[in-house]
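Comments concern the structure below.
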Amino acid sequence: MEFFAGLQACGHRFVKLYGAFKLRHMIGRCYLRGNDLQYDDADMNWQTLDEPCSHLGDVTSEVMCNMGISATITQTEVIVGSPGSYEWQGRVSPSVCNVHVSWMNPHVLFDTERSSFNNLQRRNIYIGYSVAQTGRLLSQEQETIVTGAPRDSKDDARGSVLLIEKRAGKLVIRQTLRGEQIGSYFGNVVATTDLNNDGWEDLLVGAPFYFHHEEKVGGAVYIYMNTGGGFDSGSSMVLTGPAGSAFGMSVAAAGDLNQDGFQDFAVGAPFHETGTVMIWTSGSEGVSREPSQV
1 MEFFAGLQAC
11 GHRFVKLYGA
21 FKLRHMIGRC
31 YLRGNDLQYD
41 DADMNWQTLD
51 EPCSHLGDVT
61 SEVMCNMGIS
71 ATITQTEVIV
81 GSPGSYEWQG
91 RVSPSVCNVH
101 VSWMNPHVLF
111 DTERSSFNNL
121 QRRNIYIGYS
131 VAQTGRLLSQ
141 EQETIVTGAP
151 RDSKDDARGS
161 VLLIEKRAGK
171 LVIRQTLRGE
181 QIGSYFGNVV
191 ATTDLNNDGW
201 EDLLVGAPFY
211 FHHEEKVGGA
221 VYIYMNTGGG
231 FDSGSSMVLT
241 GPAGSAFGMS
251 VAAAGDLNQD
261 GFQDFAVGAP
271 FHETGTVMIW
281 TSGSEGVSRE
291 PSQV
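According to full-length UniProt numbering, the residues represented by the sequence shown are 1 to 294, in order.
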């Protein structure tokens with residue numbers, strides 16, 4: 001298989017007009033470009049675009065899918081979140097509306113294999129709000145899709161994170177991790193990295209609207225340590241930020257910043273002072289309670 005090397009950019013609020021009343025259906029759109037980012041005047045669209053959500057129909061289908069609110073790209077696949085599909089049930093997708101795109105033919109982009117995520121008949125839970133894909137999460141051989149649904153968890157909107165595998169053209173939920181506080185937006189962002197060097201990816205989940213009035217904290221990041229191909233239902237550790245900071249609005253693996261052989265990560269708190277990024281380092285004794293750098 002040839003590998004694709006390039007850049008993906010999405011605009012989840014892209015609108016197409018529909019019908020005599022020109023209804024604004026916000027389907028979203030994603031583009032791919034090569035790594036050189038060079039302009040090609042022979043390309044009428046300037047970039048290769050994908051627009052798999054249909055603007056025809058009503059909100060029970062894909063017309064407000066918001067494709068591209070989250071996205072990730074690997075050498076062989078593109079995965080995009082579209083939380084507005086099916087009355088904001090949402091879907092996870094490599095290349096839109098909850099689908100998985102496989103680059104079996106790198107010369108025909110967005111071409112071949114798409115794995116659909118079925119309509120679960122669960123409105124307003126926002127599956128696909130965040131998305132990541134990695135190996136060594138549930139299996140050493142197969143990659144796993146991780147997606148946040150920050151308004152999920154039955155009827156109380158505690159949020160959830162879904163761990164998904166691709167099987168015979170379908171996306172199958174293998175495990176669901178649930179938030180603990182209503183409205184915390186658990187699953188707003190997800191990230192993976194191997195924090196303890198055991199060969200398995202650990203999971204970090206942001207919940208930026210978590211709060212505790214008495215402890216004066218605002219926002220949380222839940223750390224789930226991998227137990228050899230799975231996760232306990234409860235988190236291994238919870239980090240919290242200053243009150244009103246939206247700590248956990250963004251979370252990212254940062255590599256081994258201090259060169260001690262362990263992977264580190266960064267957490268954004270956009271409403272703390274003028275905006276803050278906090279760095280956490282892991283080590284032989286685990287992750288510390290306080291950041292190593294702000």
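Here a beta-carbon is modelled for each residue, glycine too, at the ideal position from N, C-alpha and C.
{"Item": "Check each candidate in S284, S130 and V78 and name the one with the smallest Cα separation from L163.", "Value": "S130"}
{"Item": "When you compare the CB positions of G68 and V78, do they come within less than 8 Å of one another, or not?", "Value": "no"}
{"Item": "Does the segment 247-258 come within contact of the segment 223-236, defined as at least 3 CB pairs closer than 8 Å?", "Value": "no"}
{"Item": "In this structure, does DSSP put S250 in helix, strand or coil?", "Value": "strand"}
{"Item": "If we call anything under 8 Å between Cβ atoms a contact, is A207 one with F186?", "Value": "yes"}
{"Item": "For the beta strand (DSSP E) holding M237, just list the boundary residues, first then last.", "Value": "M237 to P242"}
{"Item": "How long is the line joining the alpha carbons of G241 and A20, rounded to whole angstroms?", "Value": "49 Å"}
{"Item": "Below 8 Å on the Cβ atoms is my guess for V190 versus G148; work out the distance and round it to an integer in Å.", "Value": "5 Å"}
{"Item": "So, for D198: in the same chain, excluding its five sequence neighbours on each side, which residues have a beta-carbon less than 6 Å away from its beta-carbon?", "Value": "none"}
{"Item": "Could you give the C-beta distance for A71 and Q142, rounded to a whole number, given that I count them as a contact under 8 Å?", "Value": "21 Å between Cβ atoms; not a contact."}
{"Item": "DSSP state of V160, grouped into three classes?", "Value": "It is Ser, not Val, that sits at residue 160 in the sequence shown. Correct three-state label for S160: strand."}
{"Item": "Within the continuous beta strand (DSSP E) that includes Q175, where are the two ends?", "Value": "K170 to R178"}
{"Item": "So, for S292: in the same chain, excluding its five sequence neighbours on each side, which residues have a beta-carbon less than 6 Å away from its beta-carbon?", "Value": "I279 and T281"}
{"Item": "With a 10 Å radius around its C-beta and 16 neighbouring C-beta atoms as the bar for buried, classify E201 as buried or exposed.", "Value": "buried"}
{"Item": "Skipping 5 residues on each side, what residues in its chain have a beta carbon closer than 6 Å to that of L203?", "Value": "T192 and Y224"}
{"Item": "Along the beta strand (DSSP E) that carries residue 296, what are the first and last residues, could you check?", "Value": "Because the chain here runs from 1 to 294, residue 296 falls outside it and cannot be looked at."}
{"Item": "My guess is that residue 295 and S160 are in contact by the Cβ rule of under 8 Å, so how many angstroms apart are they, rounded?", "Value": "An answer regarding residue 295 cannot be provided, because it is not within the stretch 1 to 294 covered by the chain."}
{"Item": "Out of Q140, Q175, H12 and H272, which has the shortest C-alpha to C-alpha gap to G234?", "Value": "Q175"}
{"Item": "Using CA coordinates, which residue listed in A132, E165 and A157 is at the minimum distance from S139?", "Value": "E165"}
{"Item": "Of the residues L23, G11, R24 and L17, which one's Cα is nearest the Cα of L32?", "Value": "G11"}
{"Item": "Using the C-alpha atoms, what's the distance from Y222 back to M237?", "Value": "6 Å"}
{"Item": "Alpha carbon to alpha carbon, how far is V294 from S184? Give it in angstroms, no decimals.", "Value": "23 Å"}
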